[in-house]
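What follows is one structure encoded as structure tokens, with my remarks underneath.
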Amino acid sequence: MVSSAPRRLVLIGLDGCEWSLINPWIAEKRLPNLGKIKDNGVHAGMLSTIPSITAPALASFMTGLKPATTGITGFIGRGGGLISFKDIQNPCIWDYLGTAGIRSLVVGLRLTYPPREIDGIMVSGGLLRAQGDDYVLPKGYLEKVRGYHPEKDTHPQMFLTMTKGVVGDAEKLTDELLALTARQFEVFNTLSAEENFPFSLLYIENTDFAQHFLWHRPDLLLKLYELVDKAIGEVMDKNPGADFMVMSDHGFHPAPKAVFHVNKWLEQAGFLTEARINPIKTVLRSLKRNVKKTFWDPLPQLTKRNVKSYLARPRPSGINAIENAPSFTQPLGQAAVRIGFDPQNTSVCAVEPWGVRINLPENSSRRAAIKNEIMELMRSLTDTEGRRVFKVLRDGELERGSGPVNSAPDILFTVSEQYRVDVGLGGAVFEPHHGGESITGSHDQAETGVMMAYGRSAPQGLTLPEFPIADFLPTILEYFGLNPPDNIDGVSRARQVFPGALGQGDLKKAEAKAYADDGAGAYKEDEEAQIIERLKSLGYM
Numbered sequence: 053m054v055s056s057a058p059r060r061l062v063l064i065g066l067d068g069c070e071w072s073l074i075n076p077w078i079a080e081k082r083l084p085n086l087g088k089i090k091d092n093g094v095h096a097g098m099l100s101t102i103p104s105i106t107a108p109a110l111a112s113f114m115t116g117l118k119p120a121t122t123g124i125t126g127f128i129g130r131g132g133g134l135i136s137f138k139d140i141q142n143p144c145i146w147d148y149l150g151t152a153g154i155r156s157l158v159v160g161l162r163l164t165y166p167p168r169e170i171d172g173i174m175v176s177g178g179l180l181r182a183q184g185d186d187y188v189l190p191k192g193y194l195e196k197v198r199g200y201h202p203e204k205d206t207h208p209q210m211f212l213t214m215t216k217g218v219v220g221d222a223e224k225l226t227d228e229l230l231a232l233t234a235r236q237f238e239v240f241n242t243l244s245a246e247e248n249f250p251f252s253l254l255y256i257e258n259t260d261f262a263q264h265f266l267w268h269r270p271d272l273l274l275k276l277y278e279l280v281d282k283a284i285g286e287v288m289d290k291n292p293g294a295d296f297m298v299m300s301d302h303g304f305h306p307a308p309k310a311v312f313h314v315n316k317w318l319e320q321a322g323f324l325t326e327a328r329i330n331p332i333k334t335v336l337r338s339l340k341r342n343v344k345k346t347f348w349d350p351l352p353q354l355t356k357r358n359v360k361s362y363l364a365r366p367r368p369s370g371i372n373a374i375e376n377a378p379s380f381t382q383p384l385g386q387a388a389v390r391i392g393f394d395p396q397n398t399s400v401c402a403v404e405p406w407g408v409r410i411n412l413p414e415n416s417s418r419r420a421a422i423k424n425e426i427m428e429l430m431r432s433l434t435d436t437e438g439r440r441v442f443k444v445l446r447d448g449e450l451e452r453g454s455g456p457v458n459s460a461p462d463i464l465f466t467v468s469e470q471y472r473v474d475v476g477l478g479g480a481v482f483e484p485h486h487g488g489e490s491i492t493g494s495h496d497q498a499e500t501g502v503m504m505a506y507g508r509s510a511p512q513g514l515t516l517p518e519f520p521i522a523d524f525l526p527t528i529l530e531y532f533g534l535n536p537p538d539n540i541d542g543v544s545r546a547r548q549v550f551p552g553a554l555g556q557g558d559l560k561k562a563e564a565k566a567y568a569d570d571g572a573g574a575y576k577e578d579e580e581a582q583i584i585e586r587l588k589s590l591g592y593m
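As structure tokens, then:
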């Protein structure tokens, strides 16, 4: 039966929430509210982007577009700088809703700094500046949201972990995460009480932070999830009659213990040829690989940039001609310099640790044959212990969406969880992974996250095979009676997830304007350096 009451949707995001982590706790009744949502509503494996990291995943979540269309495939943009909300110029969920007169409350969503004026309230989350009060709009709500983000004085253990990559006292770190998460739910409830927002969103990134450094301590992770579960129950009590969704941007797994050098494998398979480089570069590469932890990691960020700039200078042996190689786009030409392969004698390369590209013109009759050959080799590749290496393969043609040609690799992939992928040509194909001992959890290969829906409009006890992350936007738009635009990649699942909210009449056309790039950077140089160090501590860079 279709309800005639006004539609209200509350969406709670739990960064990195993983089914294999929470399912046992749900079964043990340790997470009663998440259990109620799962068992009495709809749930699915949320299919993330490749790569399965927050930046491209949340860009797809909020725009309904694939990474090939948003252009966001990591925390560093195409121009080499740290990405921010300014890099997302496509309309977002709340933009379409606002054009239709539907107000939104958006709190803590990563990638939304600096905040934008929306029809409602926005509190930025993730990649924040080190200091400043410019994370909420309208600005009049600043006093009500103070304490939402960690501060160095009040969260010293978190800042130690973020800046140094050192856990230190795990119990104290957990206590700080518990207090901060409780404050974030408090801020959300305070702002929710301002008015009955038709659409409200709270995103908790502390779950991801905790899982990176405390994956080996499930007892401490359970404390955090018990607090989150109780807080979700309170949100449900404060919003009677609303529908609810719970989602994550990716899953999680133990940190990898080995490295897979994908380009070294392509070289041995005869598809890639290493460029001739001078002996000094060879020595420097070996030095960096073998003593990275001792000599490289402690260097200041500016020093690292200068060293990288020096190593990326033009070299002899034909490499100066890379930029003019007809079969390479500009990014591939730069990658040839960075990685060190010979573009004239390379047919396939991995520029990113999640995709391979074919070095042939788009209209070449050989492309299809080479792609098929590579995919067959990837399907059959096993490591020294007989385990399959590649876990997921996706045809890049299907991932390009409405993006420019060549913006997605020809083949996208994830590998088995025991491996971290490295595109460098140093070392053997398979090697032990050294360094980053404080990071015990990862999501490099965790493309399946969590999706749950619950409420008067949702069916009970329904399991969907999957829910792609780009489908959130069109699903939410149709929930509110809006016809999703044609130029997005996602598909509405509203008739599966919230059939009780949908009538039989025509949907209104969803409209919103794209954002223009004002050319101003979101961060100062020192702020960007600090944030990059935080990302490095989490293993993102």
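Numbering-wise (my numbering), the sequence shown opens with residue 53 and increments by one. Even for Gly, the Cβ is constructed at its ideal location relative to N, Cα and C. From a predicted model like this one, the values you see are computed outputs, not experimental measurements.
Subject >> Proximity test, Cβ basis, 8 Å: residue 87 and chain B >> reply: No chain B appears in the structure shown, which is made up of a single protein chain.
**OP:** Could you pull out every unbroken alpha helix (DSSP H) segment of at least 4 residues lying fully inside the segment 470-538, listed in chain order?
**Re:** 524-531
Original post:
In angstroms, rounded to a whole number, what distance separates the CA positions of residue 518 and residue 267?
Top reply: Indexing the sequence shown from 1 puts residue 518 at position 466. Indexing the sequence shown from 1 puts residue 267 at position 215. If you take the alpha carbons of residue 518 and residue 267, they lie about 25 Å apart.
**OP:** Give the range of the beta strand (DSSP E) segment to which residue 80 is assigned.
**Re:** Position 28 of the sequence shown, counted from the start, is the residue given in the question as residue 80. It is not in any beta strand (DSSP E) - residue 80 carries neither H nor E in the DSSP assignment.
Subject >> Under 8 Å between C-beta atoms of residue 499 and residue 99 >> reply: Residue mapping note: residue 499 aligns to position 447 of the sequence shown, counting from 1. Residue mapping note: residue 99 aligns to position 47 of the sequence shown, counting from 1. Against a cut-off of 8 Å, the Cβ pair of residue 99 and residue 499 comes out as a contact.
Original post:
Taking the C-alpha atoms as reference points, what is the distance between residue 442 and residue 581?
Top reply: In the sequence shown, the residue the question calls residue 442 occupies position 390. In the sequence shown, the residue the question calls residue 581 occupies position 529. The alpha-carbon atoms of residue 442 and residue 581 are separated by roughly 34 Å.
Subject >> For residue 530, the nearest candidate out of 322, 550, 165 (CA to CA) >> reply: Residue mapping note: residue 530 aligns to position 478 of the sequence shown, counting from 1. It is 550 whose Cα lies nearest to the Cα of residue 530.
Subject >> Per-residue burial, residue 209 [other beta carbons within 10 Å of its own, 16 or more giving buried] >> reply: For the purposes of this step, residue 209 is taken as residue 157 along the sequence shown, with counting starting at 1. With 16 or more other Cβ atoms within 10 Å, it is buried.
Original post:
Expressed to the nearest angstrom, what Euclidean distance is found between the alpha-carbon atoms of residue 174 and residue 167?
Top reply: In the sequence shown, the residue the question calls residue 174 occupies position 122. In the sequence shown, the residue the question calls residue 167 occupies position 115. Straight-line Cα distance between these residues: approximately 6 Å.
Original post:
Opposite residue 165 in the DSSP bridges: which residues?
Top reply: Here residue 165 is taken as the residue at index 113 of the sequence shown, counted from 1. Partner(s): none; residue 165 has no beta bridge.
**OP:** Give the secondary structure of residue 206 by DSSP, where H, G and I count as helix, E and B as strand, and everything else as coil.
**Re:** In the sequence shown, counting from the first residue as 1, residue 206 sits at position 154. The answer is coil: DSSP assigns residue 206 none of H, G, I, E or B.
Original post:
Assuming residue 419 contacts residue 426 under a Cβ cut-off of 8 Å, what Cβ separation, rounded to an integer in Å, is found between them?
Top reply: On the sequence shown, position 367 is the one that residue 419 refers to. On the sequence shown, position 374 is the one that residue 426 refers to. In fact, because the Cβ distance is near 11 Å, the residues do not count as touching under 8 Å.
Subject >> Residue range of the unbroken alpha helix (DSSP H) whose run includes residue 282 >> reply: Indexing the sequence shown from 1 puts residue 282 at position 230. Element bounds for residue 282: 270-290.
Original post:
What does a CB cutoff of less than 6 Å around residue 297 pick up in its chain, not counting 5 residues either side in sequence?
Top reply: In the sequence shown, residue 297 corresponds to position 245, counting from 1. Correct list, in chain order: 63, 505.
**OP:** Kindly provide the ranges of any alpha helix (DSSP H) runs that are 4 or more residues long and lie completely inside the segment 197-250, ordered along the chain.
**Re:** 208-216, 222-244
Subject >> Neighbourhood of residue 563 by C-beta, 6 Å cutoff - its chain only, sequence neighbours within 5 removed >> reply: By 1-based counting over the sequence shown, the position of residue 563 is 511. The answer, listed in chain order, is 151.
Original post:
Any chance the segment 110-119 sits against the segment 140-154, with 3 or more Cβ pairs inside 8 Å?
Top reply: yes
Original post:
What did DSSP end up calling residue 104 once you bin it into helix, strand or coil?
Top reply: By one-based count along the sequence shown, residue 104 stands at place 52. Coil.
**OP:** Return the bridge partner residues of residue 155 from the DSSP annotation.
**Re:** Along the sequence shown, read from residue 1 onward, the residue named residue 155 stands at position 103. Paired residue(s): none; residue 155 is not in a bridge.
Subject >> Through-space distance from residue 231 to residue 203, alpha-carbon basis >> reply: Start at 1 with the first residue of the sequence shown, and residue 203 comes out as number 151. Start at 1 with the first residue of the sequence shown, and residue 231 comes out as number 179. Rounded to the nearest angstrom, the two C-alpha atoms are 12 Å apart.
Subject >> Close beta carbons around residue 171, own chain, < 6 Å, minus the five adjacent residues each side >> reply: Taking the first residue of the sequence shown as 1, we reach residue 171 at position 119. Once the five neighbours on either side are set aside, the close Cβ partners of residue 171 are 150, 155.
**OP:** Count the C-beta pairs between the segment 232-243 and the segment 267-286 that are closer than 8 Å, then say yes if the count reaches three, no if not.
**Re:** yes
Original post:
So what's residue 264 in DSSP terms, helix, strand or just coil?
Top reply: Against the sequence shown, residue 264 aligns to sequence position 212. It is helical.
Original post:
Can you tell me the Cα-Cα spacing of residue 270 and residue 424, whole angstroms?
Top reply: Here residue 270 is taken as the residue at index 218 of the sequence shown, counted from 1. Here residue 424 is taken as the residue at index 372 of the sequence shown, counted from 1. Looking at the two C-alpha atoms, the distance is approximately 42 Å.
Subject >> Where residue 583 sits in the DSSP three-state scheme >> reply: Sequence index remark: in the sequence shown, residue 583 carries index 531 (1-based). The answer is helix: DSSP assigns residue 583 an H, G or I state.
Subject >> Inter-stretch contact (C-beta, 8 Å, three-pair minimum) for the segment 305-324 and the segment 483-492 >> reply: yes
Subject >> Limits of the unbroken alpha helix (DSSP H) element including residue 451 >> reply: For the purposes of this step, residue 451 is taken as the residue at position 399 of the sequence shown. Note, residue 451: alpha helix (DSSP H), 448-451.
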